[in-house]
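If you read the protein sequences in the order shown, they are chains A and Z.
Numbering follows my numbering, in which position 37 of the first sequence is assigned residue number 37; successive positions increment by one, without gaps.
Numbering follows my numbering, in which position 399 of the second sequence is assigned residue number 1399; successive positions increment by one, without gaps.
See below for the structure under consideration.
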Amino acid sequence: MYTMVDYESKVHNVYFSASFLPTEKLKLYGTVAYNKAEAAMAEIVMPDPTAQLTNLNYTSGHDLNESDFTFEEMHTYSDLAYKYLNFEFGGSYKLAETVTFTLDGGYADLTDDAPYVYGDETGSMLMVRSGIMVTF
Amino acid sequence: MKRNAIFAVAIGFALLLTLASSAIAGEDNETVNKYSLWIGGHYTDFSDYTKKVGEYDLGNSEGLPEFAGKLFSRSSNSIFKLYGHYYDDQNIYGVANATVSDKFKAAFMYRSLVHRSGQDMLANLNAREFYPNAPPPGLGGKTLTHEILDPGADYDVHRQEILSKMEVLLSERNNVRMMAAHRSILKDGTTQKMSNDHCYGCHTTSRTGKVETRQHQLETGIDADVKDFNVGYRFGYRHFQSNGPDAYGYWSEAKHPGSNDPKWAPEFGSRVLFDDTTLAFGVLPETEKMSHKVRLKGDVGKGNLAGSFVYSRAENKSTTLTTDAYAGAARYAVPLSPKMRLLAKMSMRRVTADDPFIDLPTFRAGAADGNEKDFDYIRYSTLDRSEFKASAELITRVNPRWTLALLGGYEMTNRDDYVAYDDGTKTKKMIGQAKLRFRKGLRYSSYLKYRFESISDPFVSARGLFESSGYGVLVPAVSGSSWIFYWQREALRYQDITSMPTQVHNFEWRSTWQPSKTYSLNLGVKGKLDKNGDLDSLDVEHTSLVPHAYLNLMPNMKWTVTTGYTYNYDKSRIPIAIALFDG
């Protein structure tokens, strides 16, 4: 038996990015991005299986009339729900005509509100980077 | 192999550095040389599950050194650019470009990255038949179970790509140029491999498989001007091979799926291809593809004509199966008036593939009742087909602000042997499209597009979805027995199914408003609706809607701000089928 079902996914993406030059020697920049993704199937409502069961109940002891064909939870098996927040920042300062100091980094945080086959994928990552650039 | 890759990268950079040095050696007053070197380090820190948020990172909480360098050199007749970035030992990028007047161009690129993937815990593969009156109470014999043989395994693949391209002017007379290009993709690491055992119950096992694949592509060719045309030839070669060890899985002894009684092992063992044996699975074949392409472009009448013809042969070296393809394409653009032009395109393709003979063990070989069955067959390829595409687009500049483009098209795919041998289906597609552009100076522009496709007989999985009840329909194949075999149920299958539509509506609108140099606003929306109403009661339908808004601000020379929002909505109306299965 079968029925027709709607499967919907909704993804929101919003970002804000800015760069600022306070002085000739100093450059600053940063980005904030937020992503929210959801996917879900509508509830599965199967047709009445009585007619099919009548034909199947010919084997002794195998009474499918006592089986449950409502499938009330099936549509939730494949639910997906993620939230992802990402910050990036950075800057550079010119120490001399040919020497520049840089500092940048990022923080990403993922929240898995509906763990599926890979388990709970909630996690976060921080990266900080710094160095010196020399030009010739 | 890693040493070979490093050697190839070193050779590539050394070659381009030599060429750059040659170019710089001839420096004059116009020579510009710029170099920069960045030396630093980074620290990463992870918490909880690392493989999703750090999918392309090593995933360790640690500090590592990091380097980057840039070189730019320009003389009166040459330009050389070099950039390299080392993040860690598996994330490296380098690119070099050299151009010497119009006579020589070369490019080289190396990219290395790591991709970590999670472990599918197979938790959704767990089911058992339910019989309220069967012993033990409620549990039937047919089961679906799973087993992770490497719980908690870390899977990651190191992907390296090496790309090089070179073009040389051989003769200024007739503008004769030769080109050669190369691309290699090397993958090393581990991945999750799964095998399915169906000798008794359905049992899925997962284990670590080793990845060691090598893909190499070469392209070489020559171009020249011949009278009013530019003509060219390209030879292409691609080779793929997996050098990693095979993964092995065990296929259990065949037994009765309900009673598990070993006395039925010979009966059920003679019905399956293999049982109680260990075999390699998921083996990647060695493949090779060669292609020859000739092309031509030039002015014909008042318009411009471009055409090409390609022959290619792909071979699965592990099975010696081959696929041949012939393809031709032409494009003609011609102005019909100062405000109107016509763009016509046409292409054809013919694909044929080998039809292998599938030699299977005899079903129920040696059965006491003498009822054996031979399932040997020829697998006619679904690839065998002829394709034809044609379209014509009329582009009119209605006035200085408005441009209208109208397109009509026709596409046809004629399959030789699918759904049935020598009785394939023919898919036809009619296309209509209208595009409207509006521009008011540099302050405002807008674009509107609508496209409609009507498709007859799209590709379907024939009789692939449902199986009607066999009770009272199927009769025992063995005289004097009540047995109904699985293969007999093939006669019960019905209902074509596909995700391919018979009608498609596409629309797009986007608009940019830039009242001054300090800010601009971009708004737009893309939408698609497709459906297939030819599948009896299965009205398969897909809807997607993607609106967006972007804002760019530059209030003064110190500040730059960009912000935006995108929403992506998708809905699919699909059939969900539940098997009612009673032996």
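Glycine residues also receive a C-beta, built at the ideal position from the N, C-alpha and C atoms.
**Message:** Whole angstroms are fine: how far does the CA of residue 1061(Z) sit from the CA of residue 1359(Z)?
**Reply:** Within the second sequence, residue 1359(Z) is the residue found at index 359, counting from 1. Within the second sequence, residue 1061(Z) is the residue found at index 61, counting from 1. Between residue 1359(Z) and residue 1061(Z), the C-alpha separation is close to 54 Å.
**Prompt:** If you draw a straight line from the alpha carbon of residue 3(A) to that of residue 1578(Z), how long is it in whole angstroms?
**Reply:** Here the question's residue 3(A) lines up with position 3 in the first sequence. Here the question's residue 1578(Z) lines up with position 578 in the second sequence. In this model, residue 3(A) and residue 1578(Z) are separated by some 9 Å (Cα to Cα).
**Request:** Anything in chain Z within Cβ reach of residue 47(A), meaning under 9 Å, just list it in chain order.
**Result:** For this step, residue 47(A) is matched to residue 47 along the first sequence. The contacting residues do not exist; residue 47(A) stays about 10 Å from chain Z at best.
**Item:** Straight-line gap, residue 93(A) to residue 1040(Z) (C-alpha atoms, nearest Å)
**Value:** Here the question's residue 93(A) lines up with position 93 in the first sequence. Here the question's residue 1040(Z) lines up with position 40 in the second sequence. Roughly 15 Å separates the two Cα atoms.
**Message:** On a Cα-Cα basis, can you pick out the residue from 1(A), 23(A), 118(A) that is closest to residue 1125(Z)?
**Reply:** Numbered from 1 along the second sequence, position 125 holds the residue referred to as residue 1125(Z). The shortest Cα separation from residue 1125(Z) among 1(A), 23(A), 118(A) belongs to 118(A).
**Prompt:** Just how far apart, CA to CA, sit residue 1112(Z) and residue 1303(Z)?
**Reply:** Here residue 1112(Z) refers to the residue found at position 112 when the second sequence is read from its first residue. Here residue 1303(Z) refers to the residue found at position 303 when the second sequence is read from its first residue. For residue 1112(Z) and residue 1303(Z), the distance between alpha carbons rounds to 45 Å.
**Prompt:** Helix, strand or coil: which one does DSSP assign to residue 1307(Z)?
**Reply:** Here residue 1307(Z) corresponds to residue number 307 of the second sequence, with the count starting at 1. Note: residue 1307(Z) maps to strand in three-state DSSP.
**Message:** On the CB-based measure, 16 or more other CB atoms within 10 Å of its CB, does residue 1046(Z) come out buried or exposed?
**Reply:** Locating residue 1046(Z) in the second sequence gives position 46, where the first residue counts as 1. Classification of residue 1046(Z): buried, given that the 10 Å Cβ count is 16 or more.
**Request:** Using only alpha-carbon positions, find the residue among 1091(Z), 1317(Z), 1355(Z) that is nearest to residue 1066(Z).
**Result:** Here residue 1066(Z) is taken as the residue at index 66 of the second sequence, counted from 1. For residue 1066(Z), the nearest C-alpha among the options comes from 1091(Z).
**Request:** Report the three-state DSSP secondary structure of residue 1383(Z) (helix, strand or coil).
**Result:** As a first step, residue 1383(Z) is located in the second sequence; it is residue number 383 there, counting from the start. If DSSP states are grouped into helix, strand and coil, residue 1383(Z) belongs with coil.
**Item:** Completely contained beta strand (DSSP E) runs for the stretch 55-122 of chain A, where each covers 3 or more residues
**Value:** 80-96, 99-112
**Prompt:** Could you give the distance in angstroms between the alpha-carbon of residue 1364(Z) and the alpha-carbon of residue 1274(Z)?
**Reply:** Sequence index remark: in the second sequence, residue 1364(Z) carries index 364 (1-based). Sequence index remark: in the second sequence, residue 1274(Z) carries index 274 (1-based). Rounded to whole angstroms, residue 1364(Z) to residue 1274(Z) spans 12 Å at the Cα level.
**Request:** For residue 95(A), count neighbouring Cβ atoms within 10 angstroms of its own Cβ and tell me buried if that reaches 16, exposed if not.
**Result:** For the purposes of this step, residue 95(A) is taken as the residue at position 95 of the first sequence. Classification of residue 95(A): exposed, given that the 10 Å Cβ count is below 16.
**Asked** Taking the alpha-carbon positions, what's the residue 1633(Z) to residue 1032(Z) distance?
**Response** Since the displayed chain Z opens at 1001 and closes at 1583, residue 1633(Z) lies outside it and no answer follows.
**Prompt:** the stretch 1538-1569 of chain Z: which residues have C-beta closer than 8 Å to a C-beta of chain A, in chain order?
**Reply:** In summary, the residues of the stretch 1538-1569 of chain Z whose CB is separated from some CB of chain A by less than 8 Å are 1538, 1539, 1557, 1558, 1559, 1560, 1561, 1562, 1563, 1564, 1565, 1566, 1567, 1568, 1569, in the order they occur in the chain.
**Item:** CB contact check: residue 122(A) to chain Z, cutoff 8 Å
**Value:** If you number the first sequence from 1, residue 122(A) lands on position 122. For residue 122(A), the answer is yes, since a Cβ of chain Z falls inside 8 Å of its Cβ.
**C-alpha distance - residue 1317(Z) paired with residue 1197(Z), whole-angstrom precision** = Start at 1 with the first residue of the second sequence, and residue 1317(Z) comes out as number 317. Start at 1 with the first residue of the second sequence, and residue 1197(Z) comes out as number 197. So the two alpha carbons sit approximately 28 Å from each other.
**Request:** Go ahead and label residue 1052(Z) buried or exposed: buried means 16 or more other beta carbons lie within 10 angstroms of its beta carbon, across all protein chains shown.
**Result:** Within the second sequence, residue 1052(Z) is the residue found at index 52, counting from 1. Result: buried.
**Request:** Kindly indicate if chain A contains any beta-carbon less than 8 Å away from that of residue 1573(Z).
**Result:** The sequence position of residue 1573(Z) within the second sequence is 573, counting from 1. Cβ-Cβ to chain A under 8 Å: yes for residue 1573(Z).
**Message:** Taking a contact to mean a Cβ-Cβ separation below 8 Å, would you say residue 127(A) touches residue 105(A) in this structure?
**Reply:** Counting from 1 along the first sequence, the entry for residue 127(A) is found at position 127. Counting from 1 along the first sequence, the entry for residue 105(A) is found at position 105. Between residue 127(A) and residue 105(A), the C-beta spacing is below 8 Å.
**Asked** First and last residue of the beta strand (DSSP E) that includes residue 1204(Z)?
**Response** Reading the second sequence from its first residue, position 204 is the one you call residue 1204(Z). Segment 1202-1226, the beta strand (DSSP E) holding residue 1204(Z).
**Request:** Write down the C-beta distance between residue 1430(Z) and residue 1450(Z) rounded to the nearest angstrom, noting that I regard them as a contact closer than 8 Å.
**Result:** As a working note, residue 1430(Z) is residue 430 in the second sequence. As a working note, residue 1450(Z) is residue 450 in the second sequence. With 8 Å as the limit, residue 1430(Z) and residue 1450(Z) do not qualify as a contact, their Cβ atoms being about 15 Å apart.
**Every unbroken beta strand (DSSP E) within the stretch 1507-1557 of chain Z, with a cutoff of 3 residues, ordered by chain** = 1519-1532, 1540-1553
**Prompt:** Would you call residue 1400(Z) buried or exposed, if buried means 16 or more other Cβ atoms sit within 10 Å of its Cβ?
**Reply:** In the second sequence, the residue the question calls residue 1400(Z) occupies position 400. Exposed, since its Cβ has fewer than 16 Cβ neighbours within 10 Å.
**Request:** Return the chain-ordered list of same chain residues with a C-beta closer than 6 Å to the C-beta of residue 1373(Z), the five sequence neighbours on each side being excluded.
**Result:** For the purposes of this step, residue 1373(Z) is taken as the residue at position 373 of the second sequence. Same-chain partners within the cutoff: 1363.
**Three CB pairs or more closer than 8 Å across the stretch 1276-1285 of chain Z and the stretch 1233-1249 of chain Z** = yes
**Asked** Are residue 1563(Z) and residue 1546(Z) close, meaning C-beta to C-beta below 8 Å?
**Response** As a working mapping, residue 1563(Z) is identified with position 563 in the second sequence. As a working mapping, residue 1546(Z) is identified with position 546 in the second sequence. No. Outside cutoff.
**Prompt:** So which residues on chain A does residue 1036(Z) lean against when the C-beta distance must stay under 8 Å?
**Reply:** In the second sequence, residue 1036(Z) corresponds to position 36, counting from 1. Correct list: 133, 134, 135, 136.
**Request:** Please confirm whether residue 1351(Z) and residue 1383(Z) have their CB atoms less than 8 Å apart.
**Result:** Residue 1351(Z) sits at position 351 when you count from the first residue of the second sequence. Residue 1383(Z) sits at position 383 when you count from the first residue of the second sequence. Yes, the Cβ-Cβ distance between residue 1351(Z) and residue 1383(Z) is below 8 Å.
**Beta-carbon separation (whole angstroms), residue 1229(Z) vs residue 1297(Z), contact threshold 8 Å** = In the second sequence, counting from the first residue as 1, residue 1229(Z) sits at position 229. In the second sequence, counting from the first residue as 1, residue 1297(Z) sits at position 297. That belief holds up - the Cβ atoms of residue 1229(Z) and residue 1297(Z) are roughly 7 Å apart, short of 8 Å.
**Item:** Alpha carbon of residue 1216(Z) to alpha carbon of residue 1285(Z), nearest angstrom
**Value:** Indexing the second sequence from 1 puts residue 1216(Z) at position 216. Indexing the second sequence from 1 puts residue 1285(Z) at position 285. Roughly 15 Å between the two C-alpha positions.
**Request:** Compute the Euclidean distance between the alpha carbons of residue 1255(Z) and residue 1483(Z), then round it to the nearest angstrom.
**Result:** Within the second sequence, residue 1255(Z) is the residue found at index 255, counting from 1. Within the second sequence, residue 1483(Z) is the residue found at index 483, counting from 1. If I take the Cα positions, the gap works out to 16 Å.
**Item:** Within chain A, the residues that residue 1508(Z) reaches when beta carbons sit closer than 8 Å
**Value:** For this step, residue 1508(Z) is matched to residue 508 along the second sequence. Going along chain A, no residue has its Cβ under 8 Å from residue 1508(Z), so there is no contact; the nearest lies around 18 Å.
**Prompt:** What is the DSSP secondary structure of residue 1024(Z), counted as helix, strand or coil?
**Reply:** Counting from 1 along the second sequence, the entry for residue 1024(Z) is found at position 24. Note on residue 1024(Z): pLDDT 48, under 50, position unreliable in the model; the coordinate value appears next. Here residue 1024(Z) sits in helix by DSSP.
**Asked** With distances taken between CB atoms, is the gap from residue 1307(Z) to residue 1329(Z) smaller than 8 Å?
**Response** If you number the second sequence from 1, residue 1307(Z) lands on position 307. If you number the second sequence from 1, residue 1329(Z) lands on position 329. Taking 8 Å as the Cβ cut-off, residue 1307(Z) and residue 1329(Z) qualify as a contacting pair.
**Message:** Pairs of beta-carbons, one from the stretch 1174-1181 of chain Z and one from the stretch 1200-1210 of chain Z, closer than 8 Å: are there three or more?
**Reply:** In the pairwise beta carbon analysis, the stretch 1174-1181 of chain Z is classified as not touching the stretch 1200-1210 of chain Z: fewer than three pairs are separated by under 8 Å.
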